[in-house]
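Structure first, commentary second.
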Amino acid sequence: ISLGLVGSEMCIRDRAAATLGLNPDNGNANTVLVQAQVMRQTGALVTDPSISIIRTKALRHAHRLEEALAECDQALKTAQRGDVMVMVPDVYRMKGDVLADLGRADEADHAYSKAVQHARNQGAVPLELRALIASLNHRQLNNGSLESKAELQLSLIHI
Numbered sequence: 001i002s003l004g005l006v007g008s009e010m011c012i013r014d015r016a017a018a019t020l021g022l023n024p025d026n027g028n029a030n031t032v033l034v035q036a037q038v039m040r041q042t043g044a045l046v047t048d049p050s051i052s053i054i055r056t057k058a059l060r061h062a063h064r065l066e067e068a069l070a071e072c073d074q075a076l077k078t079a080q081r082g083d084v085m086v087m088v089p090d091v092y093r094m095k096g097d098v099l100a101d102l103g104r105a106d107e108a109d110h111a112y113s114k115a116v117q118h119a120r121n122q123g124a125v126p127l128e129l130r131a132l133i134a135s136l137n138h139r140q141l142n143n144g145s146l147e148s149k150a151e152l153q154l155s156l157i158h159i
């Protein structure tokens with residue numbers, strides 16, 4: 001079931017990314033948000049964290065960062081309530097991205113660390129790589145210490 005969910009979520013995410021495009025002012029974020037809301041109406045807890053990831057991307061795209069952050073927090077609650085932890089690393093990674101966008105660097109760092117921790121606990125190497133890369137990019141943009149950069153680079157090598 002997990003592989004099917006991840007595959008389904010990836011298809012939905014790819015479609016959302018194609019709809020959003022590169023221009024944040026193209027108005028397509030609202031289209032993605034409406035489509036995600038329709039999917040959410042099924043009430044299936046198993047797909048809700050994936051829907052939240054899509055909604056978070058669309059909200060970030062539209063520069064609605066506080067809403068994106070709230071969506072991440074809701075996704076984490078829903079994942080725990082429905083015992084659907086497979087997408088939790090990506091939710092934490094997205095939360096880190098939103099917090100970084102908001103200029104909350106320390107909180108973003110913590111979210112990225114949680115993403116890595118959850119991915120490692122699941123043995124989800126692709127999710128761990130995404131979280132490590134996001135964390136490294138964040139630290140480089142925020143003049144992180146050489147030690148933290150080296151630590152992350154070593155983690156990437158050992159995966």
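Going by our numbering, the residue at position 70 of the sequence shown is 70; the numbering climbs one at a time, nothing skipped.
Each residue gets a CB set at the ideal place from its N, CA and C atoms; glycine is no exception.
Judged by DSSP secondary structure, V116 falls within the alpha helix (DSSP H) whose first and last residues are 105-122. Look at the beta carbons and you see the segment 81-90 not touching the segment 57-67: under three pairs across the two are nearer than 8 angstroms. In the displayed model, M94 falls within a helix according to three-state DSSP. Shown here, H138 sits in a helix according to DSSP, grouped into three states. Annotated as proximal: D109 and H138, with beta-carbon spacing under 8 angstroms. Around the Cβ of E66, a 10 Å sphere holds fewer than 16 other Cβ atoms; the residue is exposed. Proximity to L136 across R104, Q117, R120, S113 peaks at S113, based on C-alpha coordinates.
The alpha-carbon of A79 is positioned some 25 angstroms away from that of A105. Annotated as distal: R81 and A115, with beta-carbon spacing of 8 angstroms or more. T56 is positioned such that its CB atom lies closer than 8 angstroms to that of V98.
Annotated as proximal: G96 and A111, with beta-carbon spacing under 8 angstroms. Residues of the same chain with their beta carbon placed closer than 6 angstroms to that of K77 are lacking, with the five preceding and five following residues left out of the count. Between A119 and E128 a beta carbon distance of about 4 angstroms is seen, short of the 8 angstroms cut, so the two are scored as contacting. Contact annotation: S52 and C72 have beta-carbon atoms nearer than 8 angstroms.
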